[in-house]
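J.: Chains as they are written, first to last, in our numbering: chain A, 134 to 431; chain B, 134 to 431. Quick one: structure below, then a few questions.
Number of protein chains: 2
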Amino acid sequence: MSGFDLQAYLAERRALVDTALERHLPSEAAPPLTIHRAMRYSVMAGGKRLRPILVIAGAEAVGGAATMVMPTACALEMIHTYSLIHDDLPAMDDDDYRRGRLTNHKVFGDAIAILAGDALLTLAFRLIADNADLVSDPRVIRDVVAEIADAAGTIGMVGGQVVDIESEGKAISAETLEYIHRHKTAALIRASLRVGARLAGGDAKAVAAITEAGSDLGLAFQIVDDILDVEGSLEELGKTAGSDERKQKATYPGIHGREASRRQAKMLIDRAKERLGVFGQRSAPLLALADYVVERKS
Amino acid sequence: MSGFDLQAYLAERRALVDTALERHLPSEAAPPLTIHRAMRYSVMAGGKRLRPILVIAGAEAVGGAATMVMPTACALEMIHTYSLIHDDLPAMDDDDYRRGRLTNHKVFGDAIAILAGDALLTLAFRLIADNADLVSDPRVIRDVVAEIADAAGTIGMVGGQVVDIESEGKAISAETLEYIHRHKTAALIRASLRVGARLAGGDAKAVAAITEAGSDLGLAFQIVDDILDVEGSLEELGKTAGSDERKQKATYPGIHGREASRRQAKMLIDRAKERLGVFGQRSAPLLALADYVVERKS
Chain A
134 MSGFDLQAYL
144 AERRALVDTA
154 LERHLPSEAA
164 PPLTIHRAMR
174 YSVMAGGKRL
184 RPILVIAGAE
194 AVGGAATMVM
204 PTACALEMIH
214 TYSLIHDDLP
224 AMDDDDYRRG
234 RLTNHKVFGD
244 AIAILAGDAL
254 LTLAFRLIAD
264 NADLVSDPRV
274 IRDVVAEIAD
284 AAGTIGMVGG
294 QVVDIESEGK
304 AISAETLEYI
314 HRHKTAALIR
324 ASLRVGARLA
334 GGDAKAVAAI
344 TEAGSDLGLA
354 FQIVDDILDV
364 EGSLEELGKT
374 AGSDERKQKA
384 TYPGIHGREA
394 SRRQAKMLID
404 RAKERLGVFG
414 QRSAPLLALA
424 DYVVERKS
Chain B
134 MSGFDLQAYL
144 AERRALVDTA
154 LERHLPSEAA
164 PPLTIHRAMR
174 YSVMAGGKRL
184 RPILVIAGAE
194 AVGGAATMVM
204 PTACALEMIH
214 TYSLIHDDLP
224 AMDDDDYRRG
234 RLTNHKVFGD
244 AIAILAGDAL
254 LTLAFRLIAD
264 NADLVSDPRV
274 IRDVVAEIAD
284 AAGTIGMVGG
294 QVVDIESEGK
304 AISAETLEYI
314 HRHKTAALIR
324 ASLRVGARLA
334 GGDAKAVAAI
344 TEAGSDLGLA
354 FQIVDDILDV
364 EGSLEELGKT
374 AGSDERKQKA
384 TYPGIHGREA
394 SRRQAKMLID
404 RAKERLGVFG
414 QRSAPLLALA
424 DYVVERKS
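Quick look at the structure:
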């Protein structure tokens with residue numbers, strides 16, 4: 134993007150998020166030690182911090198700042214992490230590696246991994262409540278709780294995960310795959326942008342624009358994830374590449390082909406960027422993030 | 134209690150709660166069907182509805198009504214149910230029966246049971262947010278979200294469950310057992326009473342009194358649960374009696390003896406009732422509920 138240094142932006146925001154996560158997670162020295170160690174193990178395992186950075190970018194697009202939305206940004210990362218911990222369980226995807234390290238249940242056992250996920254989801258809502266102290270109109274907190282609960286629940290992320298599990302080993306339609314992607318991944322990405330804009334006082338027009346962009350961005354992100362899973366290597370992704378295939382999961386390139394998938398992701402990103410035009414100068418981080426979603430290698 | 138018909142009170146409130154739960158749970162006809170069926174299976178399996186009734190009684194004690202707190206009352210029952218679904222999993226307590234029926238994972242499989250628990254916890258916070266429309270000061274919602282998240286998280290219910298799991302098969306101290314009981318059970322019972330009073334506009338003095346009473350009531354409830362587990366039968370409890378012993382779990386009567394346990398529960402209930410004196414006439418339901426906690430047979 135013309136003059137915008139995305140790598141510096143991402144590195145700075147990621148450092149802010151990591152510092153805030155470190156502060157908001159319970160101390161490993163506080164009892165019960167095991168669960169706090171397990172929560173920190175997965176949250177502090179690195180990762181792109183895409184969702185919290187989108188919360189921040191959503192706030193910045195309407196003139197807000199990272200400090201106004203940081204507890205909610207951390208909440209979104211905790212919800213994302215809880216979903217990964219539970220997805221990796223033997224009863225679900227049965228994965229041994231995540232972000233290049235052993236999965237939570239391989240280190241702490243299934244019981245603690247289930248509880249660590251539960252605890253992260255619970256703590257996420259505590260953090261959203263705490264965000265009330267940082268915004269000009271604390272009544273917005275109620276809407277943010279509702280939006281994030283919807284995006285994470287059965288009409289969002291959990292719903293997508295259910296259909297994903299039920300589709301394993303089956304030939305599914307393009308519509309079912311899009312349902313899975315829109316719910317399992319895109320819903321939380323869209324919500325991240327939306328709540329960032331809402332907490333920072335964005336008006337209805339701004340929130341509508343960011344919602345549509347978030348929807349496209351979220352779907353494009355998952356399409357690219359599917360492509361990377363097909364192409365990637367263990368080294369680059371930090372998880373077993375080709376794992377979708379091994380689990381007989383339908384993927385976007387599997388149904389539409391790799392070229393059509395790339396084109397579709399590009400189209401969605403272009404449309405998202407067009408919609409972000411309303412924010413003028415302030416949209417620079419979001420426009421760069423949109424390009425990053427399709428161009429990333431991991 | 135002098136003239137107060139507890140059975141009628143419980144039956145009426147339970148019917149109100151069941152109707153509200155029915156309304157707030159996603160329809161079994163809405164996709165994804167499986168997860169909605171699994172959520173309803175466990176929530177609508179009956180049960181005492183103690184936590185939602187305590188939310189209502191907490192509101193009534195400060196002059197409020199059931200209608201003002203019903204979404205939050207349902208939220209507490211959903212959090213309680215999610216904890217039972219996850220506790221029953223093979224990776225945790227590995228129970229086949231609950232409330233006289235097959236446990237969630239025995240019917241729907243481990244993956245859906247994990248997700249149904251996740252979804253109920255998530256929906257609970259959605260309902261608390263919705264409660265904002267029913268109270269005079271919607272800013273209290275932020276505090277209610279925070280209180281319930283704390284009571285359900287690692288400084289509350291999940292924390293108690295972690296120590297419970299880690300203590301299985303070990304000789305634990307009376308202090309550790311009290312830690313487990315206060316966190317795993319009492320924290321959510323106390324929070325139920327507190328948020329009922331807060332949503333209905335209770336002042337600081339009222340909330341303080343109800344908090345102390347809730348703390349005693351919660352611990353007494355779990356002590357009686359332990360006694361019933363030792364004494365009970367499959368028929369009465371709807372789960373395998375003596376299951377704590379089978380799992381080598383420490384119990385209150387196991388450590389203190391059955392007679393001392395009964396005396397301790399009675400002392401806690403008497404103290405709770407004394408503290409509820411500040412509510413005068415309005416405390417009748419709570420006083421009767423307190424007696425019910427020690428006198429119940431299941």
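Note that beta-carbon positions come from the ideal geometry of N, C-alpha and C, so glycine has one too.
#1: Just curious, the alpha helix (DSSP H) that residue 203/A is in, first and last residue?
#2: Taking residue 282/B and residue 320/B to be in contact with their CB atoms under 8 Å, please state how far apart those CB atoms are, rounded to whole angstroms.
#3: Okay, do the segment 182 to 200 of chain B and the segment 326 to 344 of chain A touch, 3+ Cβ pairs below 8 Å being the bar?
#4: Using the DSSP secondary-structure output, state which residues sit across from residue 234/A in a beta bridge.
#5: How would you label residue 152/B, buried or exposed, when you count the other beta carbons within 10 angstroms and need 16 or more for buried?
#6: Among 207/A, 137/A, 384/A, 365/A, which has the Cα closest to the Cα of residue 308/A?
#7: Would residue 184/A pass as a contact of residue 210/A if the rule is Cβ separation under 9 Å?
#8: Short of 7 Å Cβ to Cβ, which residues in the segment 391 to 419 of chain A face chain B?
#9: Are the beta-carbon atoms belonging to residue 254/A and residue 322/A less than 9 Å from one another?
#10: Against chain A, does residue 153/B count as a neighbour if the rule is that its beta carbon must be under 9 Å from one of theirs?
#11: Residues in its own chain within less than 7 Å of residue 427/A by CB, not counting five upstream and five downstream?
#12: Straight-line CA distance for residue 238/B to residue 349/B?
#13: Quick one, are the C-beta atoms of residue 144/B and residue 262/A less than 9 Å apart?
#14: Taking 9 Å as the CB-CB limit, is residue 174/B close to chain A?
#15: By the criterion of Cβ-Cβ separation under 8 Å, what are the contact partners of residue 168/A in chain B?
#16: Residue 423/A CB to nearest chain B CB: under 9 Å?
#17: Which chain A residues are close to residue 231/B, counting only those with a beta carbon under 9 Å from its beta carbon?
#18: Would residue 396/A be called buried (16 or more neighbouring beta carbons within 10 Å of its own) or exposed?
#19: Hey, is residue 157/B's beta-carbon within less than 9 Å of any beta-carbon in chain A?
#20: What would DSSP say about residue 175/A, mapped onto helix, strand or coil?
#21: Give the residues of chain A in contact with residue 251/B, contact being defined as C-beta atoms less than 7 Å apart.
#22: DSSP state of residue 399/A, grouped into three classes?
#23: In whole angstroms, what is the alpha-carbon distance linking residue 270/A and residue 345/B?
#24: Answer with buried or exposed for residue 177/B, where buried requires no fewer than 16 other C-beta atoms within 10 angstroms of its C-beta.
#25: Here's the rule: buried if 16 or more other CB atoms are within 10 angstroms of the residue's CB, otherwise exposed. What is residue 88/B?
#26: With DSSP run on the structure shown, which of helix, strand or coil describes residue 137/A?
#27: State buried or exposed for residue 381/A, treating a residue as buried only when at least 16 other CB atoms are found within 10 Å of its CB.
#28: Report all residues from its chain with a CB closer than 6 Å to the CB of residue 302/A; omit the five preceding and five following residues, and keep chain order.
#29: For the ligand NAD, is there any heavy atom lying closer than 8 Å to the beta carbon of residue 220/A?
#30: Who are the Cβ neighbours of residue 146/B in its own chain at under 6 Å, not counting the five residues just before and after it?
#31: Between which two residues does the alpha helix (DSSP H) carrying residue 414/B extend?
#32: Taking 7 Å as the limit between beta carbons, can you name the residues of its chain near residue 290/A, skipping five residues before and five after?
#33: Give the secondary structure of residue 256/B by DSSP, where H, G and I count as helix, E and B as strand, and everything else as coil.
#34: Along the segment 255 to 270 of chain A, where does the CB come closer than 8 Å to a CB of chain B? Name the residues.
#35: Would residue 248/B and residue 168/B qualify as a contact pair, given that the criterion is a beta-carbon distance under 9 Å?
#36: According to the Cβ coordinates, are residue 343/B and residue 409/B closer than 9 Å?
T.: From the atom records:
#1: Position 70 of the first sequence, counted from the first residue, corresponds to residue 203/A. 199 to 221 is the span of the alpha helix (DSSP H), which, as asked, contains residue 203/A.
#2: Your numbering for residue 282/B matches position 149 in the second sequence. Your numbering for residue 320/B matches position 187 in the second sequence. With a contact defined as Cβ atoms closer than 8 Å, residue 282/B and residue 320/B miss out at about 11 Å.
#3: Under the Cβ criterion (8 Å, minimum of three pairs), the segment 182 to 200 of chain B does not count as touching the segment 326 to 344 of chain A.
#4: The residue given as residue 234/A occupies position 101 in the first sequence. Answer is 231/A.
#5: Numbered from its first residue, the second sequence carries residue 152/B at position 19. Looking at its Cβ environment, which holds fewer than 16 other Cβ atoms inside 10 Å, residue 152/B is exposed.
#6: Here residue 308/A corresponds to residue number 175 of the first sequence, with the count starting at 1. Distance from the Cα of residue 308/A is smallest, within the candidate group 207/A, 137/A, 384/A, 365/A, for 384/A.
#7: The residue labelled residue 184/A in the question sits at position 51 within the first sequence. The residue labelled residue 210/A in the question sits at position 77 within the first sequence. With a cutoff of 9 Å on beta-carbon distance, residue 184/A and residue 210/A are scored as near each other.
#8: Taking 7 Å as the cut-off between beta carbons, none of the residues of the segment 391 to 419 of chain A comes near chain B.
#9: Against the first sequence, residue 254/A aligns to sequence position 121. Against the first sequence, residue 322/A aligns to sequence position 189. 9 Å or more divides the Cβ of residue 254/A from the Cβ of residue 322/A.
#10: Counted from its first residue, the second sequence places residue 153/B at position 20. In terms of beta-carbon proximity, residue 153/B stays away from the interface with chain A, with every pair separated by 9 Å or more.
#11: What you label residue 427/A is simply residue 294 of the first sequence in a count that begins at 1. Excluding positions up to five away in sequence, the list reads 353, 357, 398, 399, 402.
#12: Locating residue 238/B in the second sequence gives position 105, where the first residue counts as 1. Locating residue 349/B in the second sequence gives position 216, where the first residue counts as 1. Using only the alpha carbons, I get a separation of about 33 Å.
#13: As a first step, residue 144/B is located in the second sequence; it is residue number 11 there, counting from the start. As a first step, residue 262/A is located in the first sequence; it is residue number 129 there, counting from the start. No, they are not a contact pair.
#14: Numbered from its first residue, the second sequence carries residue 174/B at position 41. Taking Cβ atoms only, chain A never reaches closer than 9 Å to residue 174/B, which makes this a no.
#15: As a first step, residue 168/A must be located in the first sequence, where it is residue number 35. The contact set of residue 168/A on chain B, defined by CB atoms closer than 8 Å, consists of 287, 291, 292, 295 in chain order.
#16: Walking along the first sequence from the start, residue 423/A turns up at place 290. No Cβ of chain B is located within less than 9 Å of the beta carbon of residue 423/A.
#17: Against the second sequence, residue 231/B aligns to sequence position 98. The contacting residues do not exist; residue 231/B stays about 17 Å from chain A at best.
#18: If you number the first sequence from 1, residue 396/A lands on position 263. Taking all protein chains in view, the Cβ of residue 396/A is surrounded by fewer than 16 other Cβ atoms within 10 Å, so the residue is classified as exposed.
#19: Here residue 157/B refers to the residue found at position 24 when the second sequence is read from its first residue. At a cut-off of 9 Å between beta carbons, residue 157/B makes no contact with chain A.
#20: In the first sequence, counting from the first residue as 1, residue 175/A sits at position 42. Secondary structure of residue 175/A (DSSP, three-state): helix.
#21: One-based indexing of the second sequence puts residue 251/B at position 118. What residue 251/B touches in chain A: 219, 254, 291.
#22: Working through the first sequence from its first residue, we reach residue 399/A at position 266. If DSSP states are grouped into helix, strand and coil, residue 399/A belongs with the helices.
#23: The count along the first sequence starts at 1 and reaches residue 270/A at position 137. The count along the second sequence starts at 1 and reaches residue 345/B at position 212. Distance between the alpha carbons of residue 270/A and residue 345/B is about 33 Å.
#24: As a working note, residue 177/B is residue 44 in the second sequence. Residue 177/B comes out exposed.
#25: Because residue 88/B is not part of the residues shown, which for chain B are 134 to 431, the question remains open.
#26: Locating residue 137/A in the first sequence gives position 4, where the first residue counts as 1. In this structure, residue 137/A counts as coil in the three-state DSSP scheme.
#27: Indexing the first sequence from 1 puts residue 381/A at position 248. Residue 381/A is exposed by the Cβ-count criterion.
#28: In the first sequence, residue 302/A corresponds to position 169, counting from 1. Taken in chain order, the residues that qualify are 381.
#29: With respect to the ligand NAD, the structure shown offers nothing to examine, as it has no ligands at all.
#30: Position 13 of the second sequence, counted from the start, is the residue given in the question as residue 146/B. The residues are 186, 189.
#31: One-based indexing of the second sequence puts residue 414/B at position 281. For residue 414/B, no alpha helix (DSSP H) segment is defined, and its DSSP state is neither H nor E.
#32: Within the first sequence, the letter at position 157 stands for residue 290/A. For residue 290/A, where only same-chain residues beyond five positions count, the Cβ hits under 7 Å are 216, 284, 316, 317, 320, 321.
#33: The residue you call residue 256/B lines up with position 123 of the second sequence. Residue 256/B falls in the helix class under three-state DSSP.
#34: Flagged, chain order: 255, 256, 258, 259, 261, 262, 263, 265.
#35: What you label residue 248/B is simply residue 115 of the second sequence in a count that begins at 1. What you label residue 168/B is simply residue 35 of the second sequence in a count that begins at 1. Yes, Cβ-Cβ distance for residue 248/B and residue 168/B is below 9 Å.
#36: As a working note, residue 343/B is residue 210 in the second sequence. As a working note, residue 409/B is residue 276 in the second sequence. Their beta carbons are under 9 Å apart, which means residue 343/B touches residue 409/B by this criterion.
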